[in-house]
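Chains as they are written, first to last, in the working numbering: chain P, 1310 to 1739; chain A, 1310 to 1739.
Yeah, the Cβ is synthetic: ideal placement off N, Cα and C, and Gly gets one too.
Number of protein chains: 2
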Amino acid sequence: GDEGRHQFTLKTAKETLTGKYGEDSKLIYDLKDQGGELLSLRYDLTVPFARYLAMNKVTNIKRYHIAKVYRRDNPAMTRGRYREFYQCDFDIAGQYDPMIPDAECLKIVHEILSELELGDFRIKVNDRRILDGMFAVCGVPDDKFRTICSTVDKLDKMSWEDVRSEMVKEKGLSEEAADQIGQYVSLQGGMDLAERLLQDAKMSQSKQACAGLTDMKQLFSYLQLFQVTDKVVFDLSLARGLDYYTGVIYEAILTQTGPVPVAAAQNGAGEKAEEGVSVGSVAGGGRYDGLVGMFDPKGRKVPCVGVSIGIERVFSIMEQKAEASAEKVRTTETQVMVASAQKNLLEERLRLTAELWNAGIKAEVMYKKNPKLLSQLQHCEDSGIPLVAILGEQELKDGVVKLRTVHSREEIDVSRAKLVEEIKRRTSDV
Amino acid sequence: GDEGRHQFTLKTAKETLTGKYGEDSKLIYDLKDQGGELLSLRYDLTVPFARYLAMNKVTNIKRYHIAKVYRRDNPAMTRGRYREFYQCDFDIAGQYDPMIPDAECLKIVHEILSELELGDFRIKVNDRRILDGMFAVCGVPDDKFRTICSTVDKLDKMSWEDVRSEMVKEKGLSEEAADQIGQYVSLQGGMDLAERLLQDAKMSQSKQACAGLTDMKQLFSYLQLFQVTDKVVFDLSLARGLDYYTGVIYEAILTQTGPVPVAAAQNGAGEKAEEGVSVGSVAGGGRYDGLVGMFDPKGRKVPCVGVSIGIERVFSIMEQKAEASAEKVRTTETQVMVASAQKNLLEERLRLTAELWNAGIKAEVMYKKNPKLLSQLQHCEDSGIPLVAILGEQELKDGVVKLRTVHSREEIDVSRAKLVEEIKRRTSDV
């Protein structure tokens, strides 16, 4: 449940902490009285990263960062959305030639989503300058760019009719402008589309759009070298709401529906089963060349491009997949359990365990004086430990260990001297 | 500096965040108005862990956790102490036979401190029950146990005279009781000391002390099997202030002084040089069998034992050591830089980089169309990238890559088909 997710929360009700630390309790940090500053929890990892670069005068860096962020949103647990959740960001900061780091970010998203085998996916790409240029040539007033942009951003959840209606009725855009936008945002393609739009009578009037389109061509040429164009689509409807983007923007979505929710399947609710668990966007990012400068006293800019992976959602999909396939998820890295079939061998078990630890083997031993062999084997089955090293009086006398493969139940005698090597050999693929 | 340490802080002044997210700004989490709860930042990882076990009805688990904790202390930056810092905890929860998981915790501390090569260290061990029993037989009133215990805890920083004086003058203990305590807390030893104290006329009157001493003997017998008794000392002066400990307690300290601070060495301040940078305690922990029950509605207990590694301090020592030895700290895991000596080879560099990435090699490429070879090599020198794969027109024609070892400057031609294998071979020890 949600409580489990929030297991190691930073925020803690004060009464949870008091009375646990004795005299050290005075060291507990209350947020309330730290000088009256109005504090917020971080919303993403990008703004803190930009501030860090500015404050430490870092002009180039490439790094990843996995940490929690907080959003005052309505949590949707079944879709893997929480108010407190981990993000995983990768960013490249520095003054470089156009689109090379941008292409690397897309390659990384492609690699991650491919390797995780989450099903088919699509990476939509657009450029803030193309969007702004498009708005300009379609007759959107300058002061409406941002608000119209955030309406366009809803096209992945709303029909064009609803988006159009919001632009015209709520945001006061002319019908003509809205319809022109409608023609552009339906376009999808690759390098060819960028070339076509560079020739487009209206689009080519915008310097901004042309700069964006030229870079988009360049980007696709690098993506070809990286062999990732199979999944990347230049999509003019991709807007992304955040104000800080200045160039290329992108978003990865899973295109397959997830496994059928257990409840729906049990109810035999056929019409629900088709829908499955859609999780939508699993990664997104873009170029933000102005953000670092906003934190620098002298406004010095550091161009940045980055990507954020929604790892909680990724995990949620992987868990659902594992459940659906009834596949046992290995919950341990332990290679071998040191066990005994007879009584009074705790000391021998501990001695062998330490030997294995010292040789770099991940070994476990039951913390019982005389555990039953069956319960030792059962623990290996449950947690996915692949091997059991079994000690008995006879084995000790002969200087051997009975090495059992949990999966096949095969047992062989291995001399004590060869044990480490044998365990390594048998678990090298795990 | 301190600012750099706090790079990715969770707390953020609200104005830092506003104006960056457009319409999404409404999702930013303010701590102030979340229902008027008085919130605190976590002080350690133990209490949140215990609460997690209770709330999720987990009755046995073994896990580590690395995360930030917060203490309203006076930071001492040179000694690696901050108000916001990472802790690294390892805990074993569950109902097991006495002292087996406790011994494993000590083995882990021993292993970590040995492998990190921080210099010689000592792990002091004691037991809350031995302390309480000792206080009882020395005539400390029941209601003074905790406060006297926290005074004893200061023996690592204060002389016995000062500790005695605090007990007698500030805390109102009788001189006789203080002197009796003084005799015990000067004792250090191993299993032999536990045996001797079990025979001690006074100590043996306390049931609690006897239980603690019997377990201490057992603990040392397991520590012998784990071959760690060379560093572990049963020390009756070890108290540890936290209220939640119920059994064995321990603390690891580095016994060597650190390297000479740069400033002192430059000043030729000989008398300071001897002192060096002492960091004191680098790990600590103990058994806390009652904590989980405090969070369980029905008071169900889950016995736990754990250890906390002060990783910030450990890092601070490692950094100082690296500085003192003028040893270059490798700041990257990159195995190879894909470079070129000639112009117009960006596409070939990107193609090869993707090839290497796809084969699982950690490769880097400069994000410039035509970088100078010298600056590519310099980057490898600076960041510790061990290999450079150099492409040129001739190499492309011949289907080879010039593989340069940065350290030795040796260059060999490697056929494109063998490149991955050769890079793996040459970086397998890195």
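For L1654 (chain A), the secondary structure class from DSSP, reduced to helix, strand or coil, is coil. For D1406 (chain A), the chain P residues whose C-beta falls within less than 7 Å of its own C-beta are Y1676, K1677 and K1678, listed in chain order. With a contact defined as Cβ atoms closer than 8 Å, V1710 (chain A) and V1723 (chain A) qualify at about 6 Å. Under a criterion of Cβ atoms nearer than 7 Å, no residue of chain A is adjacent to Y1391 (chain P); the nearest Cβ is some 12 Å distant.
Across the segment 1454-1472 of chain A, CB contacts with chain P closer than 7 Å involve R1455 and S1459, in sequence order along the chain.
Approximately 7 Å separates the beta-carbon atoms of G1448 (chain A) and Q1489 (chain A); this is inside 8 Å, confirming the contact. DSSP places D1429 (chain A) in the coil class of the three-state scheme, outside both helix and strand. For K1630 (chain A), the enclosing alpha helix (DSSP H) covers residues I1620 to A1633. The three-state reading of DSSP puts Q1536 (chain A) in coil, since its state is none of H, G, I, E or B.
Listed in chain order, the non-local C-beta contacts of F1535 (chain A) below 7 Å within the same chain comprise A1412 and K1416, local neighbours out to five positions each way being set aside. When CB distances to chain P are screened at a threshold of 9 Å, the residues of the segment 1518-1535 of chain A falling below it are S1530, Y1531, L1534 and F1535, in chain order. According to DSSP, residue pairing for D1398 (chain A) in a beta bridge involves A:H1374 and A:S1617. Separation of the CB atoms of Y1676 (chain P) and K1677 (chain A) is rounded to 57 Å, and the pair is thereby denied contact status at 8 Å. Taken atom to atom, the span from the alpha-carbon of G1608 (chain A) to that of A1445 (chain A) is near 28 Å.
For R1660 (chain P), the nearest CB of chain A lies under 8 Å from its own CB, placing it at the interface with that chain. For K1466 (chain P), the closest alpha carbon among the candidates P:S1590, P:A1520 and P:Q1651 is that of P:S1590. In this chain, V1611 (chain P) is not harboured by any alpha helix (DSSP H), its DSSP state being neither H nor E. Going by beta carbons, A1510 (chain P) and I1439 (chain P) fall outside the 8 Å limit. The DSSP-derived three-state label of I1721 (chain A) is strand. The secondary-structure analysis by DSSP pairs D1436 (chain P) across a beta bridge with P:V1557.
DSSP links Q1497 (chain A) through a beta bridge to A:D1544. Between A1698 (chain P) and chain A, the shortest Cβ-Cβ separation is not below 8 Å. From the beta-carbon of P1612 (chain P), no residue of chain A is found nearer than 9 Å; the closest lies around 10 Å away. Between P1407 (chain P) and D1501 (chain P), the beta carbon gap of about 20 Å keeps them out of contact (Cβ cut-off 8 Å). Setting aside the 5 residues that flank it on each side, Q1497 (chain A) is surrounded in the same chain by V1542 and D1544, each with a C-beta closer than 6 Å to its C-beta; the list follows chain order. Annotated three-state conformation of E1420 (chain A) is helix, per DSSP.
Residue contact with chain P for I1409 (chain A): present (Cβ-Cβ distance below 8 Å to some residue of chain P).
For E1420 (chain P), the closest C-alpha among the options A:S1474, A:H1716 and A:E1664 is that of A:E1664.
Its Cα nearest to that of F1624 (chain A), the residue A:A1592 stands out among A:V1494, A:A1592 and A:G1442. The alpha-carbon separation between T1640 (chain P) and P1612 (chain A) amounts to approximately 22 Å.
In the displayed model, R1549 (chain P) falls within coil according to three-state DSSP, outside both helix and strand. Note on P1450 (chain A): under 16 other CB atoms within 10 angstroms of its CB, so exposed under the neighbour-count rule.
For K1416 (chain A), the C-beta contacts it makes with chain P under 8 Å involve A1663 and W1666, in order along the chain. DSSP places T1355 (chain P) in no beta strand (DSSP E) but in the uninterrupted alpha helix (DSSP H) bounded by T1355 to M1364. For M1512 (chain P), no alpha helix (DSSP H) segment is defined, and its DSSP state is neither H nor E. For the segment 1639-1660 of chain P, residues whose beta-carbon sits nearer than 7 Å to a beta-carbon of chain A comprise E1656, L1659 and R1660.
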